[in-house]
Each structure stands twice: as structure tokens, then as C-alpha cells.
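For the sequence shown, the positions run 298 to 816 when the working numbering is used.
Report on the structure given below.
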Amino acid sequence: MTAPPDAEPDQSDDRPAEAPDGGTAAEPAESRLRESRLRESRLRPAAENPWYVLATLWGEQGDGFDPDLHAKNRRAWNRWVAQALTPEAVQGLIDEGADPDDFTPLSAEEQAELQARAAARGQTLPDPGTPDTPASIDFRDTLFAWNFSADQFVWPGTARFAGATFRDWATFAGASFRDMARFDGASFRGGARFDGASFRGGARFDGATFRGGARFDGATFRGGARFDGATFRGGARFAGATFRGGARFAGASFRGRARFAGASFRGGADFQRGAFESRTDFARAKFKGDVPDFRDRSFAHATDWRRVQWPPAPKQVEPAEEAEERYAALRHAMEEAGRYEHARSFFARELACRRVHAGWPTRLAVDAYVLLSDVGRSVVRPLGVWTLALLSVWVVQFEMLHPENVPAVWPEPRNLAFDTFSMALGGAVVVGSPVFDPRRGNALEAELGAALFADYGCGTAAPAPVCAEVAAANGDGSFAPQPRAIPDALKAVQFAHAAFSALCLFLAGLGLRNWLRIR
298 MTAPPDAEPD QSDDRPAEAP DGGTAAEPAE SRLRESRLRE SRLRPAAENP WYVLATLWGE
358 QGDGFDPDLH AKNRRAWNRW VAQALTPEAV QGLIDEGADP DDFTPLSAEE QAELQARAAA
418 RGQTLPDPGT PDTPASIDFR DTLFAWNFSA DQFVWPGTAR FAGATFRDWA TFAGASFRDM
478 ARFDGASFRG GARFDGASFR GGARFDGATF RGGARFDGAT FRGGARFDGA TFRGGARFAG
538 ATFRGGARFA GASFRGRARF AGASFRGGAD FQRGAFESRT DFARAKFKGD VPDFRDRSFA
598 HATDWRRVQW PPAPKQVEPA EEAEERYAAL RHAMEEAGRY EHARSFFARE LACRRVHAGW
658 PTRLAVDAYV LLSDVGRSVV RPLGVWTLAL LSVWVVQFEM LHPENVPAVW PEPRNLAFDT
718 FSMALGGAVV VGSPVFDPRR GNALEAELGA ALFADYGCGT AAPAPVCAEV AAANGDGSFA
778 PQPRAIPDAL KAVQFAHAAF SALCLFLAGL GLRNWLRIR
């Protein structure tokens, strides 16, 4: 059978391969084939189902897709089930783009004609129910041996496809499920299309198997959507889909490429367990509810997280702890997949959640880490702060050692600006020393003392008043130059500067390491 327009091919690989016991993969494949045939033998043929007869009243699709035949079948279906819709519901469907002719009330003659066509196939058309109590549309354990086209069909009651098998492609594009849609354990062997479908009462695809491509582009799930344990052997597309209730893919396996680009998750999103075995795309996705849960899920290939909208960090302690754990799971998964730029992004969100429930020392450390290095993602930021600190300490030292700002009458040494800058630079680059370079400090102390003696010419002659101060400062009446001690406040500044510079250089190195890892 040929696939419907734009359907993705089956991306599974069924080539025989060597099995662990020395056999081939063809042996378990044959076993699966036998199981599949046994399962089909227990299914009810679709031709015996009155709802199927209604859906194909004007004929079944053949190898290709006949749009005119589909339009006639769609109109017959919608006009028949419209008896179970309220006028407001019909008007809402028309406002959403449905063809008004699909809901024109059937005349008595038209109803008789449709019943006659069903009788020719050995069936009686089912009762669609009433607007207050629409009928349940039952396709459970049904075998669809041919292509099945239900594009833009309206399903007024619960649609039950649990355990159904579609041998070829099945398409429900633009279908409107007014109540619950149940596809638990259904098997789609060809392509499956639900593009633009509307699920008002929730959708259940738990344990469903999609051997070919599965497309839900632009679908709207107003109730909860569950795909727990589903298997997507071909590509899975949910691009632009809207999940207004919770979305659950716990244990789901994606063997082909998974696309959730532009999808909107307004409730929770559960992707726990299972694996993405091919490329995954969440670009421009919007998580507006809780932080999505990807714990115990593996990412075998590249994942696109560009321009994803994430929820803000919770303000309460317990939700923040839960969100932190979920971001940590994403970070670990990205590290294992080698996507370090995404891992750093998730780590930043993890820290934002940790800050909510941690004590003040942790909050202070997190704030400093974010401010100084953008969570280890920036090289320029810590180097810029390091440079600013260096220049600031230089200015402080120069002012504290200037003759106008010291207790004694200290003339300015000839190289005070150079020496103070050297001291500041020494504290900034000698990371292993918690204080400034002692050699530079000793030299400056000696120079300060020598400047008093040389500049004022103090000697054996009668001292000038300033020389008397020098002699008094020496304490022994001599005029020999004595080193002047560096102020304790300046030493404290140097100590803090050296420690802060070490931190900045460490963060710059960390940023460089992270940048090289993602190159």
C-alpha cells in the first residue's frame, strides 16, 4: 500500500543481525511475526463493525488516496453523527473551519439511502446517540486490513480503538474528538497522522506501537495526553502541538527522530524513563507549567534546545527541590550526550531552584557564581571584574601611601605610582600567596624611609624641625633612614584583593575550559 501524502517512511531497521547466542535477529523477528499473526487472529475484521461501514459507506480506500471518495465518506459520517451534537457544538466546529455542508441535517430519504448502502454490506448503521448521551464509537480489537482515512471526522462520543491494528496507514488529520479518545495498545504498522486533530476529552495511547511515522503536528490536547510505554519505531512529530492538560510519555521509546519543535506544554510534561535513540528536537518549545521531567531518560544523539521557554523557578521550597532534581537530570543527560553547552544552561536553572530552599551562605555563593562568571559560561566577565579590582586596589594603595594621607611627614617616593601598581599586580597574579609580594612591600618601606633622609638633608648638623621629627620617630636620636611600616589597613586590602583575584582567575579558567569543551 502507498502511504498518505507527506507521511514519513518507516525508519526501523529489520535487517538480520547476529544475536548474542550466535543466531541471527531474524529468529526473534520470526517469533514476533508469529505472535503478530496470532494476535490478528483474535481481532475482529473491520468489515464486521457497523462504525467502519459508516466511515467507508461510499467505499474503502485502495492502494492510493482518493480525495473525492474520502470527501463523500466524511460527509456521510459527519451528517450521521451530527444527530448527537448540539447546535452550539456544530456552530463551534464551523467556526473552527469545518465545512457547513458536513452538518446539514439528513432528510428521511437520505437516511434511508444510507441505511440501504449499509444493508448491502450486511450491517445496520449504528445509533449516534443524542446530544445529552452520545454513543460510544467502538473500534476495540478491530483489524483494519486496508488504509483508513478519517480526516476531519467528528467523534461525538468516546472513540475506542484500544487493541486495534492498522495494517497500513491510518490518518485522522483535522479530526475532532469531542470526548475521550482511547488508542491503548493500538498498533500502527504504516504511517499514522493526527495533524491538527483536536482532543477535547483527553487522549490515551498507552502501549501503542507506531512502526511507521507518527505525526501529531499542530494537534491540540485539551485534556490529558498519555503515551506511557508507547513505541515510536519511525519518526514521531509533535511540532506545534498544544498540550493544555498533562502530557505523559513515561517509558515511551523513540527509535526514530522525535520532533517537539514549537510544542506548547501548559500542564506537566512527563518523559521519565525510556530513551530517545535518534535526534530529538525541542527548539522553541514552551514549558509553561511545571519543569518537564526527564529523569532516567537517555539521549543517544544531539538534542536541540534552542529558544526553549522554561518556567520560572518555583518560590516554594518543595516545588523548588523537585524542579532542581529535574534540571539536574537534564544536566546529567546532556553531559552524557556530550552537549556541554546545554548542560551548563540546565545547571544555571538548577542553581536558581537551589537558591530558593538553601541557606544564606549557599544563596550568597550562587549569586556570586552567577554574577562573576555566568555559571562558568563566561571568560570575559571574570577577567573584566579582575581588571576592575586591580585598578581599584591600585588607586586605594596610592591614596593610602600618599604623603598627604599618612600620619607622619612622608615625602612622596620617586616611583610611588609604579610601586603601588606593582604591589596591586603582585596581589592579583601571585595566586598562591594570600598577601601582596613581600619583596615589593619591603622595597617600598625602605624607600619611604630613605626619602625622608635624602630629601630633607638630615645629618649631624643642627636638625631642622622636620629632622627633629625624624630623630624622634627613630627613637634613638639618630637621623638614619628607617623603614616605615605599611599600614595594617593596606595589608588587609591586599589580602582581600589576592583572595578575590584568585577566585576571578579560577572562574576565568573554568569558563575557558567549558568553552573549549563545547567547541
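Ideal Cβ placement from N, Cα and C applies to all residues, glycine included.
Of the residues the options, the one placed nearest residue i, counting alpha carbons only
i: Arg556; options: Trp602, Gly542, Gln569 and Ala795; result: Trp602
i: Ala533; options: Arg497, Ala799, Pro347 and Ala560; result: Ala560
i: Asp481; options: Ala494, Phe436 and Gly471; result: Phe436
i: Asp365; options: Ala620, Ala415 and Asp448; result: Asp448
i: Ala478; options: Ala795, Arg523 and Phe695; result: Arg523
i: Gly723; options: Thr684, Gly394, Glu696 and Met697; result: Thr684
i: Ala566; options: Gly553, Arg651, Trp607 and Ala544; result: Ala544
i: Phe362; options: Phe529, Asn444, Gly394 and Ala344; result: Asn444
i: Trp466; options: Ala413, Gly488 and Ala483; result: Gly488
i: Met631; options: Ala665, Arg576, Arg660 and Cys650; result: Arg576
i: Ser495; options: Phe797, Pro425 and Arg519; result: Arg519
i: Arg594; options: Phe568, Val605, Gln606 and Arg604; result: Phe568
i: Asp786; options: Gly553, Leu698, Ser719 and Phe718; result: For the sequence presented, residue 786 should be read as Ala rather than Asp. Of Gly553, Leu698, Ser719 and Phe718, the residue nearest in Cα terms is Leu698.
i: Lys788; options: Gln694, Leu648 and Glu406; result: Gln694
i: Leu809; options: Arg604, Leu680 and Met720; result: Leu680
Residue i to residue j span [Cα, whole Å]
i: Ser309; j: Trp377; result: Residue placement at Ser309 is poorly supported in this model, since its pLDDT is 38, which falls under 50; the coordinates still yield a value, given next. Computed Cα separation, rounded: 39 Å.
i: Gly504; j: Ala625; result: 28 Å
i: Ala714; j: Trp657; result: 40 Å
i: Arg641; j: Arg628; result: 7 Å
i: Asp514; j: Ala662; result: 44 Å
i: Lys585; j: Ala516; result: 17 Å
i: Asp438; j: Gly498; result: 21 Å
i: Gly460; j: Ile434; result: 14 Å
i: Val682; j: Ala795; result: 13 Å
i: Phe573; j: Thr462; result: 25 Å
i: Phe450; j: His367; result: 10 Å
i: Phe802; j: Leu688; result: The question names Phe, but residue 802 in the sequence shown is Leu. In a straight line, the C-alpha of Leu802 is about 16 Å away from that of Leu688.
i: Val790; j: Phe591; result: 48 Å
i: Glu633; j: Val588; result: 20 Å
i: Ala686; j: Pro611; result: 35 Å
i: Ala456; j: Val676; result: 57 Å
i: Asn811; j: Tyr666; result: 15 Å
i: Gly394; j: Leu440; result: 32 Å
i: Asp476; j: Leu411; result: 25 Å
i: Pro608; j: Glu621; result: 12 Å
i: Cys650; j: Asp664; result: 12 Å
i: Trp691; j: Arg623; result: 46 Å
i: Ala805; j: Ala725; result: 13 Å
i: Glu406; j: Asp360; result: 33 Å
i: Ala705; j: Arg674; result: Low local confidence applies: a pLDDT of 44 at Ala705 is under 50, so the model's placement there is unreliable, with the coordinate-based value given in what follows. Approximately 49 Å between the Cα atoms of the pair.
i: Pro402; j: Asn375; result: 10 Å
i: Phe718; j: Ala799; result: 18 Å
Own chain partners of residue i with C-beta closer than 6 Å, once the 5 adjacent residues on each side are dropped
i: His654; result: Val614, Ala617 and Glu618
i: Gly548; result: Asp525, Gly526, Arg570 and Gly571
i: Ala442; result: Arg464
i: Thr539; result: Thr517 and Ser561
i: Phe596; result: Phe573, Ala630 and Ala634
i: Ala483; result: Phe458, Ala461 and Ala505
i: His639; result: Trp602 and Met631
Same chain only: Cβ atoms within 8 Å of residue i, ignoring 5 sequence neighbours per side
i: Ala558; result: Ala536, Gly537, Asp578, Phe579, Ala580, Arg581, Ala582 and Asp601
i: Ala758; result: For Ala758, the predicted structure reports a pLDDT of 45, less than 50, and the residue's modelled location is therefore unreliable. A value from the coordinates is still provided. Here the set comprises nothing.
i: Asn370; result: Ala352, Thr353, Leu354, Trp355, Gly356 and Ser446
i: Arg339; result: Asp438
i: Ala415; result: Pro347, Val350, Leu351, Leu354, Thr421 and Leu422
i: Val387; result: Ala379 and Phe400
i: Arg418; result: Ala344 and Val350
i: Arg486; result: Thr462, Phe463, Arg464, Asp465, Arg508 and Gly509
Sequence-distant residues of its chain with Cβ nearer than 7 Å to residue i (five each side left out)
i: Asp671; result: Arg678
i: Asp398; result: Arg372
i: Arg636; result: Ala599 and Thr600
i: Phe644; result: Arg628 and Val672
i: Gly493; result: Ala470, Gly471, Gly515 and Ala516
i: Pro428; result: Ala381, Leu382 and Thr383
Short CB-CB distance (under 8 Å) between residue i and chain D
i: Arg534; result: The chain inventory of the structure shown lacks chain D, comprising one protein chain alone.
Supposed close pair residue i, residue j - CB separation, criterion 8 Å
i: Arg541; j: Arg563; result: 5 Å
i: Arg508; j: Gly531; result: 6 Å
i: Thr468; j: Arg490; result: 4 Å
i: Pro453; j: Gly471; result: Not a contact, Cβ separation roughly 16 Å.
i: Ala381; j: Pro431; result: 4 Å
i: Arg652; j: Arg660; result: 5 Å
Near the ligand COA: residue i beta-carbon under 7 Å from a heavy atom
i: Gly493; result: Ligands are entirely absent from the displayed structure, and the ligand COA is therefore not among its contents.
Exercise for the section: Return the chain-ordered ranges of every alpha helix (DSSP H) run that is complete within the stretch 608-668 and spans a minimum of 4 residues. Expected result: Correct list: 614-633 and 637-654.
Exercise for the section: Kindly provide the ranges of any beta strand (DSSP E) runs that are 3 or more residues long and lie completely inside the stretch 406-445, ordered along the chain. Expected result: Qualifying beta strand (DSSP E) stretches, in chain order: 439-441.
Problem - alpha helix (DSSP H) runs contained entirely in the stretch 355-403, provided each spans 4 or more residues - result: Correct list: 364-378 and 384-392.
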